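Peer 1: Each residue of the sequence shown is one higher than the last, beginning at 97 in our numbering. Quick reminder that beta carbons are idealized off the backbone N, C-alpha and C, glycines included. This one's a predicted model, so the numbers in the text were calculated from it and none came from an experiment. Here's a structure for you.
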Amino acid sequence: MNIPNKCPSCEGKLFVTQMSCSECETTINGQYELPQTVYLNSEDENFLKVFLAARGSIKEVEKRLGISYPTVKSRLEALVKKLGLKVFDEDVKKKRMDILEKLETGEISSHDAIRKIKELEG
């Protein structure tokens with residue numbers, strides 16, 4: 097059963113407001129956001145499941161879905177964006193370390209280091 101992810105009247109964002117225990121019938125009320133995966137279409141959801149089952153192996157995803165490496169990479173990038181995830185970037189880590197080294201050696205001020213690190217993090 098798919099959980100509705102938009103209001104059927106106005107297409108606004110939906111929240112879970114009540115949960116119930118199937119064992120003791122305790123009810124919890126509140127306002128809880130739905131997980132980002134609820135907003136994926138069935139094609140993206142299937143891709144994510146295959147990717148996880150393949151333990152992140154792009155070659156295995158290629159085989160299971162019968163698509164090319166560039167297509168897997170492209171769909172993975174699109175999925176990361178849809179889920180609002182930040183991608184860990186080795187280059188950013190190296191640049192951050194370079195900034196800290198320059199700060200340590202006195203090449204730049206602490207103010208400049210903070211500004212540069214904030215720029216890296218976008």
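Going by other Cβ atoms of all chains shown within 10 Å of its Cβ, with 16 needed for buried, is Ile154 buried or exposed?
Peer 2: exposed
Peer 1: Pick from Glu203, Lys190, Gln114 and Thr201: whose alpha carbon is nearest that of Glu217?
Peer 2: Lys190
Peer 1: Assuming contact is defined by CB atoms lying nearer than 7 Å, are Gln132 and Thr113 in contact in what I supplied?
Peer 2: no
Peer 1: Hey, could you find the ends of the alpha helix (DSSP H) Glu139 is sitting in?
Peer 2: Ser138 to Ala149
Peer 1: Would you kindly work out how many angstroms separate the C-alpha atoms of Ile99 and Lys159, rounded to a whole number?
Peer 2: 30 Å
Peer 1: Run through DSSP, which three-state label would Glu156 get?
Peer 2: helix
Peer 1: Tell me the rounded alpha-carbon separation between Leu199 and Val183.
Peer 2: 26 Å
Peer 1: In angstroms, rounded to a whole number, what distance separates the CA positions of Tyr165 and Tyr135?
Peer 2: Distance between the alpha carbons of Tyr165 and Tyr135 is about 25 Å.
Peer 1: Within 10 angstroms of its Cβ, does Phe143 collect 16 or more other Cβ (buried), or is it exposed?
Peer 2: The residue is buried, with at least 16 neighbouring Cβ atoms inside 10 Å.
Peer 1: Along the chain, where does the alpha helix (DSSP H) that runs through Thr123 open and close?
Peer 2: Taken as a continuous stretch (DSSP letters only), Thr123 belongs to no alpha helix (DSSP H), being part of the beta strand (DSSP E) at Thr123 to Glu129.
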